[in-house]
Each structure stands twice: as structure tokens, then as C-alpha cells.
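Trainee: What follows is a single structure, and I will ask about it in a moment.
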Amino acid sequence: WAMLQGRDVLSGQFDVIVCDGFVGNVLLKFAEAVGEIMLQILREELPQGWRGSVGTAFLKPNLRRIKQRVDHAEHGGGLLLGVDGICIISHGSSQAPSIFNAVRLAKEAVDHQVLDRIRSQYREAAVAVVDGAASAQANGDESMD
């Protein structure tokens, strides 16, 4: 794990960001807004008329991939941790494709035993902390108090 700076949030170097619900919601809304604004800027800045049509035709595959990467409907939502089960949280304005992808994501989480893996990792981490504290106490390390 590593500490995260605000500039790192959208860098792609983190698979998971752990934060409280308020901060997580702000981050999600901000990321969505950035994607929507970038797509709007592209629409506004691409030339109009026949030149724009020709240029856009060449860019269309790239623009489609960009849209897929930033469109919340493509992902369906995210795993909501802290509940005893698989829970996907989706955008409030989700339409059918987004709900379909949220259900797909939930199925993938079940198929890949995500909940069991999280529980196992949590238990291993808890045991390591307890063992470390017991070892430090046995060695007289007062910094663990």
C-alpha cells in the first residue's frame, strides 16, 4: 500500500483507493465530471463542417475508446466494501446498460470469490498485527504500548 496524493487519484497507478464514504463520493463525482468535461471540450473543439466530419471519421475509434474508459455506464459501478456481502454502488442516473454492467460486475465478484479473498487477507493481516504485538511485548519493546 502507499499514501496517495490528490494528483495521483486519476493516474492509474492505484487499483484501489481506500477512503471514507464522503471522500469517496467526492472523488467519484469529480472523476465523472472530468470525463464529461473532456468529452464536451472535444465536441466543441473538433472543427465543424466537412473538415470536421472527415477528421472525426478518422478519430472515431479513438473517441469511442476514450468514452468507454470514462463512461460510468461501461463499468456499472464499484464494489462497496464494509458490508457482509457483494454490493455494487452505481450512479444515481444509471440507465439499463449501467445496471446490466453492475449486475455483471457483481457476478464477476462472486465468480472470483472476492468476498472470501478479502476476508482471508483481513484475517492474515490481523494475525500479523497480533503476532507482531505479542513478539514486541515478549522482547520488551515498549514502543508497541
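Those letters in the sequence shown? Residues 1026 to 1170, by our numbering. Using N, Cα and C, we set each Cβ at its ideal position, and we do this for glycine too.
1) Find the nearest neighbour of ARG1089 within the set ASP1109, GLY1107, GLY1103 and ARG1068, judged by alpha-carbon distance.
2) Taking C-beta to C-beta, are GLY1101 and ALA1127 nearer than 7 Å?
3) Which of the three DSSP states is assigned to GLY1103 in this structure?
4) With DSSP as the reference, identify every bridge partner of ILE1114, one or two as the case may be.
5) For a test of the three-state rule: what should DSSP assign to ASN1126, helix, strand or coil?
6) Considering only the beta carbon of each residue, do SER1123 and ALA1098 sit closer than 7 Å?
Mentor: On the basis of the supplied data:
1) Nearest C-alpha to ARG1089 among ASP1109, GLY1107, GLY1103 and ARG1068: ARG1068.
2) Taking 7 Å as the cut-off, the Cβ atoms of GLY1101 and ALA1127 count as close.
3) Here GLY1103 sits in strand by DSSP.
4) According to DSSP, which records beta bridges pairwise, ILE1114 is partnered with GLY1103.
5) In the structure shown, ASN1126 sits in a helix (DSSP, three-state: H, G or I).
6) A contact, by the Cβ cut-off of 7 Å.
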